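Colleague: Mapping to the UniProt record's numbering: the sequence shown position 113 is 113, numbers consecutive.
Just so you know, even glycine gets a beta-carbon here, dropped at the ideal spot from N, CA and C.
Please read all numbers here as calculations on a predicted model, not as lab measurements.
I have a structure I would like to understand better, so I am pasting it below and will then ask my questions one at a time.
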Amino acid sequence: MDLGIRGKKAIVCASSKGLGRGCAMALAEAGCDLVVNGRNADQLAKTAAELRERFGVEVTEIVGDVSKPEVQKALLAACPNPDILVNNNGGPPLRDFRELDREKILEGVTQNMVTPVELVQAVIDGMAERGFGRVVNITSLSVYVPIPGLDLSSGARAGLTSFLAGVARTVIDRNVTINNMLPGKIDTDRLRPPHEAGTPEDPAAAAVRKTQAAAKVPAKRLGTPEEFGQICAFLCSVHAGYLTGQNIPVDGGAYVSAF
């Protein structure tokens, strides 16, 4: 399917690896020029080089933590009039809520609620004026299904969901949509146990871990960043202009609900 977004400009936050990278790859395949972002300069450069080589699109790299105002400013300077914004950021680590102090709580809310709201504020009016805009927020299935230990992540992302639900209805008449993707068990570093940075996981241990995790999913497998990215690209396409303010679980059927 031609997604109708060839030549569009997209900002994809936290896109050097994992889900963000999957979204960047799918948008590049659809012909979008990209601004990509990540904290690790080497990893980001590697991803950017692959995007250019595979898809022949323009790719600008912005290194840094997207929750920092100066990094946001750099993203918007690199792409002042984006057609597409994919909000993504790492969540707080698994931690008992009793261990959270005010500083940690505010940091988590800044990363997973305040930052995407700030970026939406910066781009949405321009999208509306131009008559095309797509915002996709990568949140978490924990917005629907509470996960003890991820309380801060769940609360911040649920806050983002509610905050933007009303905003989405104010710009749909100008062909700007805002939707959320709720990943379940996707095969990324987020599912891996703690390990030394840069150390590859033992293949046998990885196979056991993935089998155990997949057994709890109706699909009996983990999702992939690539298929997650393709769903994101569709939500950003010209074909999804009548879909807004929605939460899309990408979870292999893990969230059980008839409605």
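Looking at C-alpha atoms only, which residue of Ala74, Leu34, Val59 and Val57 is the closest neighbour of Asp65?
Modeller: Considering only alpha carbons, the answer is Ala74.
Colleague: Would you call the segment 198-209 and the segment 153-173 in contact, with 3 or more CB pairs under 8 Å?
Modeller: Result no; under three Cβ-Cβ pairs closer than 8 Å.
Colleague: Around the Cβ of residue 278, are there at least 16 other Cβ atoms within 10 angstroms (buried) or fewer (exposed)?
Modeller: The chain is shown only over 1 to 259; residue 278 falls outside these bounds and no answer can be derived.
Colleague: Looking at the strands, I want to know which residues DSSP matches up with Leu10.
Modeller: According to the sequence shown, residue 10 is Ala rather than Leu. Its beta-bridge partners are Leu34 and Ile84.
Colleague: Sorted by chain position, which residues of the same chain lie with C-beta nearer than 6 Å to Asp83's C-beta, five sequence neighbours on each side aside?
Modeller: These residues qualify, in order along the chain: Lys8, Lys9 and Phe132.
Colleague: So what's Pro183 in DSSP terms, helix, strand or just coil?
Modeller: Of the three classes helix, strand and coil, the one that applies to Pro183 here is strand, per DSSP.
Colleague: Run through the segment 106-133 for me and flag every whole beta strand (DSSP E) of 3 or more residues, listed as ranges in chain order.
Modeller: Entirely contained in the segment 106-133, not one beta strand (DSSP E) run reaches 3 residues.
Colleague: Which of the three DSSP states, helix, strand or coil, is assigned to Gly18?
Modeller: Three-state result, Gly18: helix.
Colleague: Ordered along the chain, which non-local residues of its own chain (more than five positions away) have a Cβ less than 8 Å from that of Val167?
Modeller: Result list for Val167: Val120, Ile124 and Ile178, in chain order.
Colleague: Inspect the CB distances between the segment 144-152 and the segment 86-97 and report whether three or more fall short of 8 Å.
Modeller: Result yes; three or more Cβ-Cβ pairs closer than 8 Å.
Colleague: Have a look at the DSSP bridge pairing and note the partners of Glu61.
Modeller: Paired residues: Val36.
Colleague: Hey, how far is the Cα of Leu235 from the Cα of Met113?
Modeller: If I take the Cα positions, the gap works out to 21 Å.
Colleague: Look up Thr177 in the DSSP assignment and say whether it is helix, strand or coil.
Modeller: In the structure shown, Thr177 sits in a strand (DSSP, three-state: E or B).
Colleague: Keeping to the same chain, check which residues put their C-beta closer than 6 Å to that of Ala48; ignore five residues upstream and five downstream.
Modeller: Cβ within range, chain order: Val36, Val59 and Glu61.
Colleague: Would the beta-carbon of Lys68 fall within 7 Å of that of Gln43?
Modeller: Their beta carbons are not under 7 Å apart, which means Lys68 does not touch Gln43 by this criterion.
Colleague: Check this for me: beta carbons of Thr211 and Asp187, under 7 Å apart or not?
Modeller: Not closer than 7 Å, so no.
Colleague: Kindly list the residues whose CB is nearer than 8 Å to the CB of Asp101, restricted to its own chain and excluding five residues on each side of it in sequence; keep chain order.
Modeller: Nothing meets the Cβ criterion.
Colleague: Between which residues of its own chain and Ile172 is the CB-CB distance below 7 Å, once the five residues before and five after are set aside?
Modeller: Counting only Cβ-Cβ distances below 7 Å, and skipping sequence neighbours, we find Thr244.
Colleague: So who's on the other strand from Gly4, going by DSSP bridges?
Modeller: None, per the DSSP bridge assignment.
Colleague: At the level of alpha carbons, what is the spacing between Asn89 and Gln111?
Modeller: Distance between the alpha carbons of Asn89 and Gln111: 7 Å.
Colleague: By Cβ distance, which residues of its chain are closer than 6 Å to Ala175, with the 5 residues on each side in sequence left out?
Modeller: One point to set straight first is that residue 175 is Asn, not Ala, in the sequence displayed. Within the same chain, Asn175 has close Cβ partners Gly131, Phe132 and Gly241.
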